[in-house]
Structures are given as structure tokens and as C-alpha cells.
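Heads up: the structure comes next, in C-alpha cells.
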Amino acid sequence: MASTRPTQKRQTPKTVYVHGNTVRKLEPEETPLRPPERHGNPQKKMRVKRNQEKALQIDLPYLVMLVAAACCALYICVNYIQIQSSMTVRMDTIKDLEQELEALKTENDTLETRINTYIDLDYVYKVATEELGMVYANKNQVLLYDKTESEYVRQDEDIPTN
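Numbering of the sequence shown is given in our numbering, commencing with residue 192 and proceeding in unit increments.
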């Protein structure tokens, strides 16, 4: 008949002897993922379990602060993106205005050159002397004076008499 006695596993000794001139690879011992449960105080187990559950729960003030911080971060990010976008638009506008200014300056210089080339000084002299009766001033009509106070002449200042 078969024995009804429970069989016990024999533990292997911790010391392993190597026979021969090479070392054989040992298979790793199986280690349990959880420590074996100890037969002890069940109330202690309940307290540990309650503490673990409590640690995993998020309390209301923490949740409120977390949501507030997330909203602040989102608000800051959106404002940053809007500021970057407005700066980009302004930079493009400035670049366009600078190009337009350069084009207008070039056109103005071209027109000024054309105007200066159309002025005929001989024609101006002829019209001034023949039609308008202008004449050159004589030497006795020209008054020269020396102003030593400053290098420029003010138009509203009185001319000194000799």
C-alpha cells in the first residue's frame, strides 16, 4: 500500500563541489518574488494593507494642487506660443516694411536724378535776366561782415552796420 504520509522535500546543500578540471555552469536558484508569508499577527497584516491602500489613494488637496499646477503650466505654454507667434508676425511685417522703404528710397533717388538732369541752368539764367529783369549785384551792393562769436549765422539776427 501507498504511504499516506506527506512527503517532505529535501533541501539541497549550499555547498557545491566541482569535480574535474573545468567549472560547470550552475543553474540559478529560484528566488521567490515575494517573501514568504509569515504566520504572525493578522492585525498587523491588515494595518500594512490599509497603509498601502491609503498610500495609493490621492487625497483631495493634492488633487486640487495638481490640477491647478497643470492649468498654470498649460496657460503659460499657450501664452508663450502666442507671444512667439506675434513676434514672428511682427518680424515679418518689419521685414516687409524695410523692403518697401528701400524700394521707395530707390524710386525717390531715381526721380531726384531725373529732375536734376532736366534743369537747364542756361534756361533759368535767360528767363531770370530777360523776362524777369534780374541783374547781378554790383560790388558796392554786396556787404560782407565778420562774425567771430559762432560759426553759423542766424536768420532772425540783425546784421551789424559798419
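All C-beta atoms, glycine included, are put in the ideal place defined by N, C-alpha and C.
Where residue i sits in the DSSP three-state scheme
i	result
Ala319	helix
Met325	coil
Asn307	helix
Asn331	helix
Tyr336	coil
Residues of its chain near residue i, where Cβ-Cβ distance is below 6 Å and the 5 sequence neighbours each way are ignored
i	result
Ala325	Residue identity differs from the one stated: residue 325 is Met in this sequence, not Ala. Here the set comprises Ala319.
Residues near residue i in its chain [Cβ-Cβ closer than 8 Å; skip 5 each side]
i	result
Gln234	none
Met192	For Met192, the predicted structure reports a pLDDT of 49, less than 50, and the residue's modelled location is therefore unreliable. The matter cannot be settled from this model.
Beta-carbon contacts of residue i that lie in its chain and below 7 Å, excluding the five residues immediately before and after
i	result
Asn232	none
Problem set entry | Completely contained beta strand (DSSP E) runs for the stretch 238 to 303, where each covers 3 or more residues | Fully enclosed beta strand (DSSP E) runs of 3 or longer: not present.
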